[in-house]
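Undergrad:
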Amino acid sequence: MPPSTTSVVIDPIYNKVLQQGELVPLSATEGLDQAARVRYLREETEKPFIKQKLVPVIEEDRVVVQNGIKLRLTFFRPVGTENEILPVVIYYHGGGWTFGSKNVYQKPMRDISIRNNVAVVYIDYTLAPEGKFPTINEECYATLIWILENGPSIKIDTGKIAVCGDSAGGHLATAIPLMAKARGLDHDVIKAQIMLYPATAPSHRAFESARLFGGGEFGLAISHCDYLNPLYFGHHEEDRDDGIKNNIFAYPLLATVDELRNLPPALLLTAEADVLRDEGEAYGHKLINAGVPTNAIRILGAIHGYLHMSLEKECQAYKNSMHLISQHLIESFK
2 MPPSTTSVVI DPIYNKVLQQ GELVPLSATE GLDQAARVRY LREETEKPFI
52 KQKLVPVIEE DRVVVQNGIK LRLTFFRPVG TENEILPVVI YYHGGGWTFG
102 SKNVYQKPMR DISIRNNVAV VYIDYTLAPE GKFPTINEEC YATLIWILEN
152 GPSIKIDTGK IAVCGDSAGG HLATAIPLMA KARGLDHDVI KAQIMLYPAT
202 APSHRAFESA RLFGGGEFGL AISHCDYLNP LYFGHHEEDR DDGIKNNIFA
252 YPLLATVDEL RNLPPALLLT AEADVLRDEG EAYGHKLINA GVPTNAIRIL
302 GAIHGYLHMS LEKECQAYKN SMHLISQHLI ESFK
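Note that the working numbering gives residue 115 to position 114 of the sequence shown, counting from 1, and the numbers run on in steps of one.
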(Lines of atoms letter the chains of each structure in order from A; the text may use other names.)
(Lines give C-alpha, C1' and ligand atoms only; values in the text may rest on other atoms or scores of the structure.)
Protein backbone atom coordinates (compact mmCIF):
# COMPACT_ATOMS: atom_id res chain seq x y z
CA MET A 2 0.00 0.00 0.00
CA PRO A 3 1.17 3.58 -0.58
CA PRO A 4 2.99 4.99 2.45
CA SER A 5 1.11 7.51 4.57
CA THR A 6 4.18 9.74 4.70
CA THR A 7 3.93 10.79 1.07
CA SER A 8 2.13 13.96 -0.01
CA VAL A 9 1.06 12.33 -3.27
CA VAL A 10 -2.66 11.56 -3.36
CA ILE A 11 -3.42 8.60 -5.60
CA ASP A 12 -6.78 8.28 -7.36
CA PRO A 13 -8.93 5.74 -5.42
CA ILE A 14 -9.23 3.48 -8.45
CA TYR A 15 -5.46 3.20 -8.77
CA ASN A 16 -5.12 2.86 -5.00
CA LYS A 17 -7.36 -0.18 -5.25
CA VAL A 18 -5.10 -1.64 -7.93
CA LEU A 19 -2.05 -1.11 -5.70
CA GLN A 20 -3.77 -2.80 -2.76
CA GLN A 21 -4.42 -5.93 -4.83
CA GLY A 22 -0.75 -6.81 -5.01
CA GLU A 23 2.51 -6.28 -6.86
CA LEU A 24 2.06 -4.64 -10.25
CA VAL A 25 4.99 -6.60 -11.69
CA PRO A 26 4.99 -9.75 -9.50
CA LEU A 27 8.74 -10.35 -9.50
CA SER A 28 8.89 -11.42 -5.85
CA ALA A 29 6.79 -14.50 -6.62
CA THR A 30 9.33 -15.65 -9.22
CA GLU A 31 12.39 -15.89 -6.98
CA GLY A 32 14.15 -19.21 -7.47
CA LEU A 33 12.77 -19.75 -10.98
CA ASP A 34 15.00 -19.85 -14.03
CA GLN A 35 14.66 -17.02 -16.51
CA ALA A 36 12.31 -18.82 -18.91
CA ALA A 37 9.94 -19.81 -16.10
CA ARG A 38 10.14 -16.35 -14.58
CA VAL A 39 9.23 -14.61 -17.81
CA ARG A 40 6.42 -17.09 -18.49
CA TYR A 41 4.96 -16.45 -15.01
CA LEU A 42 5.11 -12.66 -15.46
CA ARG A 43 3.31 -12.89 -18.80
CA GLU A 44 0.58 -15.12 -17.41
CA GLU A 45 0.01 -13.13 -14.21
CA THR A 46 -0.08 -9.69 -15.82
CA GLU A 47 -2.67 -11.01 -18.30
CA LYS A 48 -5.13 -12.37 -15.73
CA PRO A 49 -6.94 -9.14 -14.73
CA PHE A 50 -7.95 -8.56 -18.35
CA ILE A 51 -9.41 -11.95 -19.27
CA LYS A 52 -13.05 -11.12 -18.44
CA GLN A 53 -13.17 -7.40 -19.14
CA LYS A 54 -16.30 -5.95 -20.75
CA LEU A 55 -15.54 -4.31 -24.07
CA VAL A 56 -17.41 -2.12 -26.52
CA PRO A 57 -17.80 -3.78 -29.93
CA VAL A 58 -15.53 -2.89 -32.82
CA ILE A 59 -14.50 -4.49 -36.07
CA GLU A 60 -11.37 -6.50 -35.26
CA GLU A 61 -9.18 -8.33 -37.77
CA ASP A 62 -5.91 -10.20 -37.23
CA ARG A 63 -3.38 -10.38 -40.05
CA VAL A 64 0.11 -11.77 -40.49
CA VAL A 65 2.08 -9.83 -43.10
CA VAL A 66 5.69 -9.61 -44.20
CA GLN A 67 7.59 -6.37 -44.77
CA ASN A 68 11.24 -6.33 -45.86
CA GLY A 69 11.57 -9.94 -44.71
CA ILE A 70 10.15 -9.19 -41.25
CA LYS A 71 7.08 -11.15 -40.16
CA LEU A 72 4.51 -8.89 -38.51
CA ARG A 73 1.51 -9.97 -36.45
CA LEU A 74 -1.01 -7.15 -36.63
CA THR A 75 -4.54 -6.52 -35.40
CA PHE A 76 -6.72 -3.88 -37.02
CA PHE A 77 -9.52 -2.17 -35.09
CA ARG A 78 -12.13 0.16 -36.56
CA PRO A 79 -15.53 1.39 -35.38
CA VAL A 80 -18.56 -0.70 -36.28
CA GLY A 81 -20.16 0.57 -39.47
CA THR A 82 -16.95 1.96 -41.01
CA GLU A 83 -16.18 -1.05 -43.21
CA ASN A 84 -16.32 1.09 -46.35
CA GLU A 85 -14.81 4.29 -44.94
CA ILE A 86 -11.21 5.38 -45.43
CA LEU A 87 -9.99 6.22 -41.93
CA PRO A 88 -6.95 7.87 -40.34
CA VAL A 89 -4.82 5.41 -38.40
CA VAL A 90 -3.19 5.27 -34.98
CA ILE A 91 -0.40 2.70 -34.67
CA TYR A 92 -0.38 1.49 -31.05
CA TYR A 93 2.70 0.08 -29.30
CA HIS A 94 1.91 -1.72 -26.06
CA GLY A 95 3.84 -1.48 -22.79
CA GLY A 96 5.14 -4.19 -20.49
CA GLY A 97 8.87 -3.63 -20.18
CA TRP A 98 9.39 -5.05 -23.72
CA THR A 99 8.85 -8.45 -22.00
CA PHE A 100 5.11 -8.88 -21.41
CA GLY A 101 1.88 -7.15 -22.37
CA SER A 102 -0.58 -8.20 -25.05
CA LYS A 103 -3.57 -7.22 -27.13
CA ASN A 104 -5.90 -8.32 -24.32
CA VAL A 105 -4.28 -5.95 -21.82
CA TYR A 106 -4.79 -2.97 -24.14
CA GLN A 107 -8.17 -3.81 -25.67
CA LYS A 108 -10.03 -1.07 -23.79
CA PRO A 109 -7.80 1.95 -24.58
CA MET A 110 -7.30 0.86 -28.19
CA ARG A 111 -11.03 0.42 -28.76
CA ASP A 112 -11.77 3.71 -27.04
CA ILE A 113 -9.23 5.56 -29.19
CA SER A 114 -10.77 4.00 -32.31
CA ILE A 115 -14.40 4.74 -31.44
CA ARG A 116 -13.95 8.19 -29.91
CA ASN A 117 -11.90 9.45 -32.84
CA ASN A 118 -13.36 7.43 -35.72
CA VAL A 119 -9.93 6.08 -36.61
CA ALA A 120 -8.42 2.72 -37.36
CA VAL A 121 -6.03 1.43 -34.71
CA VAL A 122 -3.25 -0.98 -35.63
CA TYR A 123 -1.84 -3.11 -32.82
CA ILE A 124 1.55 -4.80 -33.23
CA ASP A 125 2.10 -8.14 -31.50
CA TYR A 126 5.84 -7.60 -31.48
CA THR A 127 8.42 -10.20 -30.49
CA LEU A 128 8.82 -9.91 -26.74
CA ALA A 129 12.14 -9.87 -24.91
CA PRO A 130 14.20 -11.85 -24.14
CA GLU A 131 13.32 -13.77 -27.32
CA GLY A 132 13.75 -10.49 -29.18
CA LYS A 133 16.81 -8.39 -28.36
CA PHE A 134 17.35 -4.76 -29.31
CA PRO A 135 16.71 -3.63 -32.02
CA THR A 136 14.21 -6.41 -32.90
CA ILE A 137 11.11 -4.71 -31.48
CA ASN A 138 12.08 -1.33 -32.90
CA GLU A 139 12.56 -2.84 -36.35
CA GLU A 140 9.22 -4.67 -36.26
CA CYS A 141 7.45 -1.45 -35.29
CA TYR A 142 9.24 0.51 -38.01
CA ALA A 143 8.43 -2.20 -40.57
CA THR A 144 4.77 -1.89 -39.58
CA LEU A 145 4.86 1.82 -40.41
CA ILE A 146 6.33 1.06 -43.85
CA TRP A 147 3.77 -1.72 -44.48
CA ILE A 148 0.92 0.67 -43.69
CA LEU A 149 2.38 3.34 -45.98
CA GLU A 150 2.60 0.82 -48.82
CA ASN A 151 -0.66 -1.06 -48.21
CA GLY A 152 -2.95 1.39 -46.45
CA PRO A 153 -5.24 2.14 -49.40
CA SER A 154 -6.03 -1.56 -49.85
CA ILE A 155 -7.36 -1.77 -46.28
CA LYS A 156 -9.12 1.61 -46.33
CA ILE A 157 -6.51 3.49 -44.31
CA ASP A 158 -5.61 7.10 -45.11
CA THR A 159 -1.82 7.03 -45.31
CA GLY A 160 -1.79 10.82 -45.16
CA LYS A 161 -3.07 10.67 -41.59
CA ILE A 162 -0.83 8.40 -39.50
CA ALA A 163 -0.16 8.78 -35.78
CA VAL A 164 1.95 6.66 -33.44
CA CYS A 165 1.01 6.06 -29.82
CA GLY A 166 2.31 3.95 -26.95
CA ASP A 167 2.75 3.72 -23.20
CA SER A 168 5.77 2.84 -21.05
CA ALA A 169 7.92 0.55 -23.22
CA GLY A 170 5.43 1.36 -25.96
CA GLY A 171 5.95 5.04 -25.16
CA HIS A 172 9.64 4.43 -25.78
CA LEU A 173 8.71 3.01 -29.19
CA ALA A 174 6.45 5.99 -29.92
CA THR A 175 9.51 8.21 -29.38
CA ALA A 176 11.92 5.96 -31.27
CA ILE A 177 9.92 5.30 -34.45
CA PRO A 178 9.68 8.98 -35.49
CA LEU A 179 13.43 9.27 -34.86
CA MET A 180 14.04 6.19 -37.02
CA ALA A 181 11.76 7.53 -39.74
CA LYS A 182 13.66 10.82 -39.85
CA ALA A 183 17.09 9.15 -39.79
CA ARG A 184 16.09 6.81 -42.62
CA GLY A 185 14.91 9.59 -44.89
CA LEU A 186 11.12 9.45 -44.69
CA ASP A 187 9.39 12.77 -45.28
CA HIS A 188 9.10 14.66 -42.01
CA ASP A 189 5.29 14.75 -42.20
CA VAL A 190 4.71 11.04 -42.89
CA ILE A 191 3.87 10.65 -39.21
CA LYS A 192 1.40 13.39 -38.35
CA ALA A 193 1.44 12.92 -34.56
CA GLN A 194 3.34 11.16 -31.81
CA ILE A 195 1.57 10.33 -28.55
CA MET A 196 3.76 9.15 -25.68
CA LEU A 197 2.38 8.03 -22.33
CA TYR A 198 4.84 7.75 -19.42
CA PRO A 199 7.62 6.71 -21.82
CA ALA A 200 11.00 5.19 -21.02
CA THR A 201 13.52 7.50 -22.69
CA ALA A 202 16.81 7.41 -20.76
CA PRO A 203 19.77 5.03 -20.40
CA SER A 204 19.64 5.41 -16.60
CA HIS A 205 16.40 5.76 -14.63
CA ARG A 206 18.36 6.47 -11.46
CA ALA A 207 19.57 9.79 -12.82
CA PHE A 208 16.14 11.29 -12.08
CA GLU A 209 14.49 12.44 -8.86
CA SER A 210 11.27 10.54 -9.63
CA ALA A 211 13.21 7.28 -9.37
CA ARG A 212 14.21 8.16 -5.82
CA LEU A 213 10.73 9.32 -4.87
CA PHE A 214 8.74 6.48 -6.40
CA GLY A 215 11.21 3.67 -7.07
CA GLY A 216 10.52 1.59 -3.96
CA GLY A 217 7.52 -0.22 -5.41
CA GLU A 218 4.82 1.39 -3.27
CA PHE A 219 3.34 2.96 -6.38
CA GLY A 220 3.57 -0.06 -8.67
CA LEU A 221 6.59 0.12 -10.95
CA ALA A 222 9.84 -0.11 -8.96
CA ILE A 223 13.47 0.45 -9.87
CA SER A 224 14.03 -3.25 -9.17
CA HIS A 225 11.51 -4.05 -11.93
CA CYS A 226 13.41 -1.82 -14.36
CA ASP A 227 16.70 -3.45 -13.33
CA TYR A 228 15.28 -6.85 -14.23
CA LEU A 229 13.31 -5.99 -17.38
CA ASN A 230 15.56 -3.54 -19.23
CA PRO A 231 18.50 -5.95 -19.74
CA LEU A 232 16.13 -8.54 -21.21
CA TYR A 233 15.75 -6.27 -24.24
CA PHE A 234 18.90 -4.16 -24.23
CA GLY A 235 21.22 -7.01 -23.30
CA HIS A 236 23.11 -5.76 -20.24
CA HIS A 237 22.68 -3.62 -17.17
CA GLU A 238 23.18 0.06 -17.94
CA GLU A 239 26.77 0.24 -16.70
CA ASP A 240 27.82 -2.77 -18.83
CA ARG A 241 26.17 -1.97 -22.15
CA ASP A 242 28.40 -1.61 -25.17
CA ASP A 243 28.64 1.79 -26.80
CA GLY A 244 26.58 0.63 -29.79
CA ILE A 245 23.53 0.47 -27.53
CA LYS A 246 24.54 2.90 -24.79
CA ASN A 247 24.73 5.81 -27.24
CA ASN A 248 21.92 4.72 -29.58
CA ILE A 249 19.07 7.25 -29.74
CA PHE A 250 16.67 4.55 -30.94
CA ALA A 251 17.32 2.79 -27.63
CA TYR A 252 17.46 5.96 -25.55
CA PRO A 253 15.68 8.85 -27.28
CA LEU A 254 16.64 11.30 -24.53
CA LEU A 255 20.20 11.20 -25.95
CA ALA A 256 19.03 12.71 -29.24
CA THR A 257 20.48 16.10 -30.15
CA VAL A 258 18.42 19.15 -31.00
CA ASP A 259 19.20 18.59 -34.69
CA GLU A 260 18.05 14.97 -34.46
CA LEU A 261 14.79 16.06 -32.83
CA ARG A 262 14.06 19.00 -35.10
CA ASN A 263 11.00 18.60 -37.41
CA LEU A 264 9.64 15.57 -35.56
CA PRO A 265 5.82 15.25 -35.50
CA PRO A 266 3.73 17.30 -33.06
CA ALA A 267 3.91 15.57 -29.70
CA LEU A 268 1.53 14.80 -26.87
CA LEU A 269 3.47 13.57 -23.85
CA LEU A 270 1.62 12.46 -20.70
CA THR A 271 3.40 11.48 -17.51
CA ALA A 272 2.04 10.00 -14.28
CA GLU A 273 2.66 11.89 -11.05
CA ALA A 274 3.74 8.86 -8.99
CA ASP A 275 5.96 7.10 -11.51
CA VAL A 276 9.62 6.15 -11.65
CA LEU A 277 9.70 7.25 -15.32
CA ARG A 278 8.01 10.61 -14.79
CA ASP A 279 11.05 12.87 -14.88
CA GLU A 280 12.80 11.27 -17.85
CA GLY A 281 9.59 11.55 -19.84
CA GLU A 282 9.30 15.22 -18.96
CA ALA A 283 12.98 15.74 -19.76
CA TYR A 284 12.26 14.41 -23.25
CA GLY A 285 9.36 16.85 -23.52
CA HIS A 286 11.71 19.72 -22.67
CA LYS A 287 14.12 18.59 -25.39
CA LEU A 288 11.33 18.44 -27.97
CA ILE A 289 10.27 21.98 -27.06
CA ASN A 290 13.88 23.16 -27.30
CA ALA A 291 14.05 21.62 -30.78
CA GLY A 292 10.97 23.54 -31.89
CA VAL A 293 8.65 20.52 -32.00
CA PRO A 294 5.04 21.50 -31.15
CA THR A 295 4.68 19.73 -27.81
CA ASN A 296 1.93 19.42 -25.24
CA ALA A 297 3.48 17.82 -22.13
CA ILE A 298 1.19 17.24 -19.16
CA ARG A 299 1.65 15.54 -15.80
CA ILE A 300 -1.44 13.59 -14.71
CA LEU A 301 -1.91 14.06 -10.96
CA GLY A 302 -3.00 11.10 -8.86
CA ALA A 303 -1.88 8.63 -11.52
CA ILE A 304 0.62 5.76 -11.35
CA HIS A 305 2.64 3.99 -14.00
CA GLY A 306 0.40 2.03 -16.35
CA TYR A 307 -2.72 3.98 -15.45
CA LEU A 308 -4.11 3.99 -19.01
CA HIS A 309 -4.96 0.28 -19.04
CA MET A 310 -5.99 -0.03 -15.38
CA SER A 311 -9.42 1.67 -15.56
CA LEU A 312 -11.30 -1.60 -16.03
CA GLU A 313 -14.20 -1.37 -13.60
CA LYS A 314 -14.74 2.38 -13.82
CA GLU A 315 -13.17 5.15 -15.85
CA CYS A 316 -11.49 7.56 -13.46
CA GLN A 317 -10.77 11.19 -14.24
CA ALA A 318 -7.15 10.52 -15.21
CA TYR A 319 -8.31 8.11 -17.91
CA LYS A 320 -11.04 10.44 -19.17
CA ASN A 321 -8.66 13.39 -19.27
CA SER A 322 -6.03 11.39 -21.13
CA MET A 323 -8.52 10.19 -23.72
CA HIS A 324 -9.72 13.76 -24.21
CA LEU A 325 -6.15 14.99 -24.67
CA ILE A 326 -5.44 12.22 -27.17
CA SER A 327 -8.57 13.15 -29.12
CA GLN A 328 -7.66 16.83 -29.20
CA HIS A 329 -4.14 16.04 -30.36
CA LEU A 330 -5.43 13.85 -33.18
CA ILE A 331 -7.95 16.49 -34.27
CA GLU A 332 -5.20 19.11 -34.49
CA SER A 333 -2.68 16.81 -36.15
CA PHE A 334 -5.06 15.37 -38.75
CA LYS A 335 -6.37 18.74 -39.99
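Using N, Cα and C, we set each Cβ at its ideal position, and we do this for glycine too.
#1: Just to confirm the assignment, what range does the beta strand (DSSP E) spanning Asp62 have?
#2: Might you give, ordered along the chain, the residues of its own chain that have their beta carbon closer than 7 Å to the beta carbon of Ile177, omitting 5 neighbours on each side?
#3: Please go through the segment 104-155 and give each complete beta strand (DSSP E) segment of 3 or more residues, from N-terminal end onward.
#4: For Gln317, which residues does DSSP report across the bridge?
#5: Going by CA-CA distance only, name the one from Ile289, Leu229 and Ala272 that's closest to Leu254.
#6: Tell me which residues share the same chain as Val64 and place their Cβ nearer than 6 Å to its Cβ, disregarding the 5 neighbours each side in the sequence.
#7: Quick check: what's the CA-CA separation for Ser333 versus Thr159?
#8: At what residues does the beta strand (DSSP E) containing Pro88 begin and finish?
#9: Touch check for the segment 191-202 and the segment 263-282: three-plus C-beta pairs under 8 Å?
#10: Please list the terminal residues of the continuous alpha helix (DSSP H) segment that includes Ala202.
#11: Can you list, in chain order, the residues of its chain whose CB lies under 7 Å from that of Met110, leaving out five sequence neighbours each side?
#12: Could you spell out where the alpha helix (DSSP H) holding Asn362 opens and where it closes?
#13: Between Lys182 and the rest of its own chain, which residues show a CB-CB distance below 8 Å, the 5 nearest in sequence each way excluded?
#14: State the Cα-Cα distance for the pair Val105 and His309, rounded to the nearest angstrom.
#15: State the CB to CB distance for the pair Gly306 and Gly220, rounded to an integer number of angstroms; the pair is presumed to be in contact (CB under 8 Å).
#16: Quick one: Cα of Gly217 to Cα of Ile155, how far?
#17: Check whether the Cβ atoms of Ala169 and Gly95 sit closer than 9 Å, and answer yes or no.
#18: Within its chain, find whatever has a CB closer than 7 Å to the CB of Ala318; leave out the 5 residues flanking it on each side and keep chain order.
#19: Evaluate Glu85 with the Cβ neighbour count: other Cβ atoms within 10 Å of its Cβ, from every protein chain shown; 16 or more gives buried, anything less gives exposed.
#20: By the three-class DSSP mapping on this structure, what secondary structure does Phe76 have?
#21: With DSSP run on the structure shown, which of helix, strand or coil describes Arg38?
#22: Assuming Leu197 contacts Ile249 under a Cβ cut-off of 8 Å, what Cβ separation, rounded to an integer in Å, is found between them?
#23: Given Ala283, which residues of its chain have a CB within under 8 Å of its CB, disregarding the five upstream and five downstream residues?
#24: For Ile304, write down the residues that DSSP places opposite it in a beta bridge.
#25: Count the other CB atoms within 10 Å of the CB of Asn138; is the residue buried (16 or more) or exposed (fewer)?
#26: In angstroms with no decimal places, state the Cα-to-Cα distance between Pro3 and Glu273.
#27: Within 10 angstroms of the Cβ of Ser114, are there 16 or more other Cβ atoms? Answer buried if so, exposed if not.
#28: Can you say whether Ser8 is buried or exposed, counting buried as having 16 or more other CB atoms within 10 angstroms of its CB?
#29: Suppose the cutoff is 8 Å on Cβ atoms and the five residues either side in sequence are ignored; what does the same chain contact list for Thr46 look like?
#30: Could you tell me the distance, in whole angstroms, from the CA atom of Lys320 to the CA atom of Gly171?
#31: Excluding the 5 residues preceding and the 5 following Asp279 in the sequence, name in chain order all residues of the same chain whose CB lies nearer than 6 Å to its CB.
#32: Run through DSSP, which three-state label would Leu268 get?
TA: In terms of the structure at hand:
#1: Position 61 of the sequence shown holds residue 62. Its beta strand (DSSP E) spans residues Ile59 to Gln67.
#2: Counting from 1 along the sequence shown, the entry for residue 177 is found at position 176. Same-chain partners within the cutoff: Cys141, Tyr142, Leu145 and Val164.
#3: 120-124
#4: Looking up residue 317 in the sequence shown gives position 316. Partner(s): none; Gln317 has no beta bridge.
#5: Along the sequence shown, read from residue 1 onward, the residue named residue 254 stands at position 253. Taking only the C-alpha atoms, the option nearest Leu254 is Ile289.
#6: One-based indexing of the sequence shown puts residue 64 at position 63. Contacts found: Arg73.
#7: The residue you call residue 333 lines up with position 332 of the sequence shown. The residue you call residue 159 lines up with position 158 of the sequence shown. Using only the alpha carbons, I get a separation of about 13 Å.
#8: What you label residue 88 is simply residue 87 of the sequence shown in a count that begins at 1. Start and end: Leu87 to Tyr93.
#9: Result yes; three or more Cβ-Cβ pairs closer than 8 Å.
#10: Here the question's residue 202 lines up with position 201 in the sequence shown. Neither: Ala202 is in no alpha helix (DSSP H) and is coded neither H nor E.
#11: For the purposes of this step, residue 110 is taken as the residue at position 109 of the sequence shown. So the qualifying residues of the chain are Phe77, Tyr92, Val121 and Tyr123.
#12: Any answer about residue 362 is impossible in this case: the structure gives the chain only from 2 up to 335.
#13: As a working note, residue 182 is residue 181 in the sequence shown. Sequence-distant Cβ neighbours of Lys182 in its own chain, meaning closer than 8 Å and more than five residues away, are His188, Glu260, Asn263 and Leu264.
#14: By 1-based counting over the sequence shown, the position of residue 105 is 104. By 1-based counting over the sequence shown, the position of residue 309 is 308. Cα-Cα distance, rounded: 7 Å.
#15: Numbered from 1 along the sequence shown, position 305 holds the residue referred to as residue 306. Numbered from 1 along the sequence shown, position 219 holds the residue referred to as residue 220. The pair is a contact, with the Cβ atoms about 6 Å apart (cut-off 8 Å).
#16: By one-based count along the sequence shown, residue 217 stands at place 216. By one-based count along the sequence shown, residue 155 stands at place 154. Looking at the two C-alpha atoms, the distance is approximately 44 Å.
#17: Residue numbering aside, residue 169 sits at position 168 when the sequence shown is read from its first letter. Residue numbering aside, residue 95 sits at position 94 when the sequence shown is read from its first letter. For Ala169 and Gly95, yes; Cβs fall inside 9 Å.
#18: Looking up residue 318 in the sequence shown gives position 317. Cβ neighbours of Ala318 beyond the five flanking positions: Asp12, Ile300, Gly302, Ala303 and Tyr307.
#19: What you label residue 85 is simply residue 84 of the sequence shown in a count that begins at 1. Burial call: exposed.
#20: Sequence index remark: in the sequence shown, residue 76 carries index 75 (1-based). Strand at Phe76.
#21: As a working note, residue 38 is residue 37 in the sequence shown. In the structure shown, Arg38 adopts helical secondary structure according to DSSP, grouped into three states.
#22: Position 196 of the sequence shown, counted from the first residue, corresponds to residue 197. Position 248 of the sequence shown, counted from the first residue, corresponds to residue 249. That belief does not hold up - the Cβ atoms of Leu197 and Ile249 are roughly 20 Å apart, past 8 Å.
#23: Residue numbering aside, residue 283 sits at position 282 when the sequence shown is read from its first letter. Only Thr201, Ala202, Phe208 and Leu254 meet the Cβ criterion.
#24: To locate residue 304, count along the sequence shown from 1; it is residue 303. The partner list for Ile304 (beta bridge, DSSP) reads Ala274.
#25: For the purposes of this step, residue 138 is taken as residue 137 along the sequence shown, with counting starting at 1. Classified as buried, Asn138 has 16 or more neighbouring CB atoms from the shown chains inside 10 Å of its CB.
#26: Position 2 of the sequence shown holds residue 3. Position 272 of the sequence shown holds residue 273. Low confidence applies to Pro3: its pLDDT is 41, below 50, so where it sits in the model is not reliable, and the reading given next is rough at best. The straight-line gap from Cα to Cα measures roughly 13 Å.
#27: Position 113 of the sequence shown, counted from the first residue, corresponds to residue 114. So Ser114 ends up on the buried side.
#28: Residue mapping note: residue 8 aligns to position 7 of the sequence shown, counting from 1. That one is exposed.
#29: Taking the first residue of the sequence shown as 1, we reach residue 46 at position 45. Excluding sequence neighbours, Thr46 sits near Val25, Pro26, Gly96, Phe100, Gly101 and Val105.
#30: For the purposes of this step, residue 320 is taken as residue 319 along the sequence shown, with counting starting at 1. For the purposes of this step, residue 171 is taken as residue 170 along the sequence shown, with counting starting at 1. Taking the CA atoms as reference points, Lys320 sits about 19 Å from Gly171.
#31: Taking the first residue of the sequence shown as position 1, residue 279 is located at position 278. Excluding positions up to five away in sequence, the list reads Phe208, Glu209 and Ser210.
#32: Here the question's residue 268 lines up with position 267 in the sequence shown. In this structure, Leu268 counts as strand in the three-state DSSP scheme.
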